[in-house]
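There are 2 protein chains.
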Amino acid sequence: MTQPTGRTRRTSTTLEEVAHLAGVSRATVSRVVNGSPRVSPEVRTEVQSAIERLGYVPNRAARSLVTRRSDSIAVVITEPTARLFSDPFFPRLLRGISSELAARDRQLILLMPDSAADESRTADYLTAGHVDGALLVSLHANDPLPDRLSTAGIPIVLVGRPPKGIRASYVDVDNRQGAQSAVGHLIAGGRRVIATIAGPGDMAAGTDRLAGYRDALAEAGIAPDPALETTADFTQDGGSVAMSRLLATRPDIDAVFAASDLMAVGALTALAGTGRRVPADVAVVGFDDSPVATSTTPQLTSVRQPIEEMGHEVARLLIAAVEASDPVPRRVILATELVRRASSAGRPSP
Amino acid sequence: MTQPTGRTRRTSTTLEEVAHLAGVSRATVSRVVNGSPRVSPEVRTEVQSAIERLGYVPNRAARSLVTRRSDSIAVVITEPTARLFSDPFFPRLLRGISSELAARDRQLILLMPDSAADESRTADYLTAGHVDGALLVSLHANDPLPDRLSTAGIPIVLVGRPPKGIRASYVDVDNRQGAQSAVGHLIAGGRRVIATIAGPGDMAAGTDRLAGYRDALAEAGIAPDPALETTADFTQDGGSVAMSRLLATRPDIDAVFAASDLMAVGALTALAGTGRRVPADVAVVGFDDSPVATSTTPQLTSVRQPIEEMGHEVARLLIAAVEASDPVPRRVILATELVRRASSAGRPSP
DNA sequence: CATAAGCGTGAGAGCGCTCTCACAACCGGA
DNA sequence: TCCGGTTGTGAGAGCGCTCTCACGCTTATG
Chain F
1 MTQPTGRTRR TSTTLEEVAH LAGVSRATVS RVVNGSPRVS PEVRTEVQSA IERLGYVPNR
61 AARSLVTRRS DSIAVVITEP TARLFSDPFF PRLLRGISSE LAARDRQLIL LMPDSAADES
121 RTADYLTAGH VDGALLVSLH ANDPLPDRLS TAGIPIVLVG RPPKGIRASY VDVDNRQGAQ
181 SAVGHLIAGG RRVIATIAGP GDMAAGTDRL AGYRDALAEA GIAPDPALET TADFTQDGGS
241 VAMSRLLATR PDIDAVFAAS DLMAVGALTA LAGTGRRVPA DVAVVGFDDS PVATSTTPQL
301 TSVRQPIEEM GHEVARLLIA AVEASDPVPR RVILATELVR RASSAGRPSP
Chain S
1 MTQPTGRTRR TSTTLEEVAH LAGVSRATVS RVVNGSPRVS PEVRTEVQSA IERLGYVPNR
61 AARSLVTRRS DSIAVVITEP TARLFSDPFF PRLLRGISSE LAARDRQLIL LMPDSAADES
121 RTADYLTAGH VDGALLVSLH ANDPLPDRLS TAGIPIVLVG RPPKGIRASY VDVDNRQGAQ
181 SAVGHLIAGG RRVIATIAGP GDMAAGTDRL AGYRDALAEA GIAPDPALET TADFTQDGGS
241 VAMSRLLATR PDIDAVFAAS DLMAVGALTA LAGTGRRVPA DVAVVGFDDS PVATSTTPQL
301 TSVRQPIEEM GHEVARLLIA AVEASDPVPR RVILATELVR RASSAGRPSP
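Here the protein sequences line up with chains F and S, keeping their order.
Going by this note's numbering, the first sequence opens with residue 1, and the numbers climb by one from there.
Going by this note's numbering, the second sequence opens with residue 1, and the numbers climb by one from there.
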């Protein structure tokens with residue numbers, strides 16, 4: 001065997017070498033590696049020990065070339081800077097996805113386009129067939145990506161309920177139920193003038209949580225009041241401004257449900273600015289149960305989401321879609337849990 | 001051409017087809033695609049238009065098989081859960097790395113091992129040659145990964161100065177200088193009894209920031225006092241406990257420099273618990289300039305790190321190492337910037 | 001004018017794997 | 001006993017690409 005010229009190359013062991021050592025053909029080694037049942041037990045163990053002895057690892061590129069699968073999954077995070085950097089949602093989700101993919105022996109290819117040009121390049125990349133499927137993390141309305149990918153035949157699964165008009169599998173937490181339990185908790189604590197700072201109207205998490213808020217009021221027989229509902233952009237500053245706006249029209253508010261912890265923090269700031277005490281004068285509940293919820297004074301009651309579990313679920317769904325090439329969209333909704341802390345303690349005298 | 005049986009397959013265009021359309025050989029198309037200079041201008045444009053017309057995209061697997069490069073880079077994040085989820089460092093870093101890799105047409109393969117078994121599997125994966133190099137993000141002391149990879153000939157670059165004994169390229173921020181400027185700012189504000197809550201002694205960021213603290217005191221001619229130095233684990237609770245410990249021995253403290261914003265938040269809580277006012281009685285400065293710095297009352301003065309830039313730099317360094325197969329370790333140190341906010345306002349009467 | 005030296009291009013091998021097909025060995029039923 | 005079926009294994013093609021080598025042509029050099 002002639003040694004090629006040029007720089008050192010780590011020549012890793014090949015199927016051929018394993019086959020030779022085990023005294024069988026390449027095909028048989030391939031069968032063992034891929035778990036085909038059509039191999040006699042004796043030959044199987046013989047091959048396995050050869051693999052062990054040589055430290056053989058299949059060459060992904062070669063396999064990929066013939067199978068036309070890459071065994072890799074793209075995770076696309078298209079999110080404006082602000083939230084991406086302040087919300088622990090993304091690392092937690094990635095962790096969940098990562099552990100599921102690792103367990104299934106898939107590569108996680110991360111794409112974080114941060115400009116329009118980038119997004120178009122991302123779409124090109126994905127449709128070029130370099131990945132078996134894609135997980136789309138935080139879709140904004142009118143994002144052309146889902147359509148482009150569906151057209152190209154690339155399986156996708158979305159994290160969070162997609163904007164209207166997009167037909168695709170997704171995994172979401174039960175935002176509506178979570179919000180309802182949060183507001184129900186406020187009502188149970190004796191609050192009656194309950195405002196909400198909802199999320200953007202073009203995001204499912206925004207509208208669903210608002211719906212849950214209304215559900216809880218309806219269930220308690222409290223009439224809804226548009227003056228108690230406002231929206232913000234999930235950020236702290238937005239929450240602060242929204243709270244001030246609410247207080248200006250309804251100074252008698254005794255509780256507020258914010259659709260994110262960050263907005264709840266903003267609300268706390270605004271409330272403190274008007275001299276109101278939390279929870280004595282106004283109770284506050286957030287959503288997400290992010291770390292910031294325990295760094296405020298008082299600590300924030302919040303709705304916890306099973307984020308890692310979302311990651312697992314979304315990865316599982318995508319792998320199933322890739323393997324089945326089964327176009328029936330599925331959705332998985334995960335339950336939330338209310339975490340009670342000081343910011344929503346019931347009022348002493350109801 | 002016979003159509004293979006089985007499910008639909010998206011057959012993408014190949015070099016062969018482009019070559020045929022352009023009336024040249026595969027080799028020439030390959031030259032054009034890879035930017036070889038040995039192609040006449042006429043042929044080049046002819047080929048390019050054929051590529052355009054067919055929407056040709058090279059098959060990575062096939063290329064990889066022959067070049068023995070994967071054009072993909074692993075990013076390994078080995079970090080205990082707590083910090084990963086509360087610290088926006090990671091998403092920001094990933095963004096920086098991602099944009100650099102995308103620009104250089106490399107895939108970002110994300111690995112987040114979350115158990116010992118996982119870590120061993122990660123090492124196996126990396127040494128199997130599936131990636132051209134690896135970026136190791138938050139190395140703990142005694143991590144065997146750098147050594148294993150170096151031995152296997154996989155180029156690595158570290159984020160943050162590595163623990164002693166590891167010889168590898170890395171990118172870090174100037175922790176020492178950053179800490180020094182923070183403490184210098186406290187001194188300039190008239191503070192004299194300045195404590196520090198340092199990070200863990202086995203992390204470079206911990207020891208470097210402590211050194212910067214001492215530098216600033218020395219420069220101002222203030223004698224160091226062991227009773228004013230304590231360490232914590234970069235978490236909020238740790239910071240709170242540490243602050244209480246400091247106050248117990250030195251109730252006359254008039255300023256504290258915490259080596260992370262989270263610890264600074266903990267310190268704020270502990271200070272409030274003893275009735276001390278910030279900044280009137282005690283000034284507080286953090287490190288990281290994370291979003292939490294603006295959600296506290298008062299807002300936190302902090303040392304900002306160019307995290308995205310770190311991501312860019314570290315990716316650049318790794319690609320250079322891969323291409324040059326040049327084993328000379330390099331290090332790049334990036335400057336920090338002090339962001340002044342209310343928590344460290346100078347005292348009215350010095 | 002002969003020879004050398006470039007330059008642009010094509011032919012063809014081969015990267016490591018999977019998968020189809022052929023085939024030998026063995027089985028049980030008529 | 002013969003034959004169709006099953007089972008385990010091997011031979012060999014070929015996935016799409018790069019890269020070496022050879023070749024014909026043009027241009028400088030002695």
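Think of the CB as a built atom: it goes at the ideal place given N, C-alpha and C, for glycine as much as any other residue.
When C-beta atoms of the segment 319-332 of chain F are compared with those of the segment 289-304 of chain F, fewer than three pairs fall below 8 angstroms, so the two segments do not count as touching. Cβ neighbours of aspartate 233/F within its own chain (closer than 8 angstroms, five residues either side excluded): Gly199, Pro200. Cβ neighbours of glycine 239/S within its own chain (closer than 7 angstroms, five residues either side excluded): Ile197, Ala232, Ala258, Leu262, Met263, Ala264, Val265, Gly266, Ala267. A direct Cα-to-Cα measurement between glutamine 107/F and aspartate 124/S gives close to 14 angstroms. At a cut-off of 8 angstroms, the C-beta of serine 12/F has a neighbouring C-beta in chain S. Note on the segment 223-285 of chain S: whole alpha helix (DSSP H) runs with a minimum of 4 residues are 236-249, 261-273, in chain order.
Contacts between threonine 207/S and chain F, judged by CB atoms closer than 7 angstroms, are missing: the closest CB pair is about 25 angstroms apart.
About 7 angstroms separates the Cβ atoms of aspartate 71/F and aspartate 132/F, confirming a contact at the 8 angstroms cut-off. Note on asparagine 34/F: under 16 other CB atoms within 10 angstroms of its CB, so exposed under the neighbour-count rule. Counting the other CB atoms within 10 Å of its CB gives valine 66/F a total below 16, which places it among the exposed residues. Of the candidates Ser120/F, Pro113/F, Ile154/F, the residue whose Cα lies closest to the Cα of histidine 130/F is Ile154/F.
Look at isoleucine 222/S: its C-beta is not under 8 angstroms from any C-beta on chain F. The beta carbon of arginine 95/S lies closer than 7 angstroms to those of Glu308, Gly311 in the same chain, with the five residues before and after it left out.
Apart from the 5 residues on each side of it in sequence, serine 64/F sits with its Cβ closer than 6 angstroms to the Cβ of Ser70 in its chain, given in chain order.
For the segment 91-116 of chain F, residues whose beta-carbon sits nearer than 8 angstroms to a beta-carbon of chain S comprise Pro91, Arg92, Leu94, Arg95, Ser98, Ser99, Ala102, Gln107, Leu108, Ile109, Leu110, Leu111, Met112, Pro113, Asp114. Any Cβ of chain F closer than 8 angstroms to the Cβ of arginine 330/S would place that residue at the interface, and such an atom is absent.
No Cβ of chain S is located within less than 8 angstroms of the beta carbon of alanine 293/F.
Against chain S, the beta carbon of leucine 126/F has no neighbour under 7 angstroms; the closest one sits roughly 11 angstroms away.
Under the Cβ criterion of 8 angstroms, leucine 135/F is not counted among the residues facing chain S.
Residue environment analysis places aspartate 289/S among the buried positions, since at least 16 neighbouring C-beta atoms fall within 10 angstroms of its C-beta. Under the DSSP definition of a beta bridge, glutamate 337/S partners with Arg304/S. Here DSSP, grouped into helix, strand and coil, assigns leucine 136/F to strand. The beta carbon of proline 279/F is closer than 6 angstroms to those of Ser343, Ser344, Ala345 in its chain, skipping five residues each way along the sequence.
The beta carbons of leucine 135/S and valine 75/S sit closer together than 8 angstroms. Partner residues in the beta bridge of leucine 111/F, as assigned by DSSP, are Val76/F. For threonine 196/S, no alpha helix (DSSP H) segment is defined; the enclosing uninterrupted segment is the beta strand (DSSP E) at 194-198.
Among the residues of the segment 213-239 of chain S, those with a Cβ less than 8 angstroms away from any Cβ of chain F are Gln236, in the order of the chain. For a Cβ distance threshold of 9 angstroms, nothing in chain F lies close to serine 49/S: the least Cβ distance comes to about 18 angstroms. For leucine 186/F against alanine 255/F, the beta-carbon gap comes to about 4 angstroms, under 8 angstroms, which counts as contact. DSSP places arginine 316/F within a helical segment (H, G or I) once states are collapsed to three.
In the three-state reduction of the DSSP assignment, valine 171/S falls in the strand class. Against chain F, the beta carbon of leucine 65/S has neighbours under 9 angstroms at Asn59, Ala61, Ala62, Ser64, Leu65, listed in chain order. Taking C-beta atoms as the reference points, alanine 205/S and proline 163/S fail to come closer than 8 angstroms. Taking a contact to require three or more Cβ pairs closer than 8 angstroms, the segment 113-127 of chain S and the segment 140-156 of chain S qualify as touching. Per DSSP, valine 66/F is one residue of the alpha helix (DSSP H) stretching across 60-67. Three or more Cβ pairs closer than 8 angstroms define a contact, and the segment 35-55 of chain S meets that threshold against the segment 11-21 of chain S.
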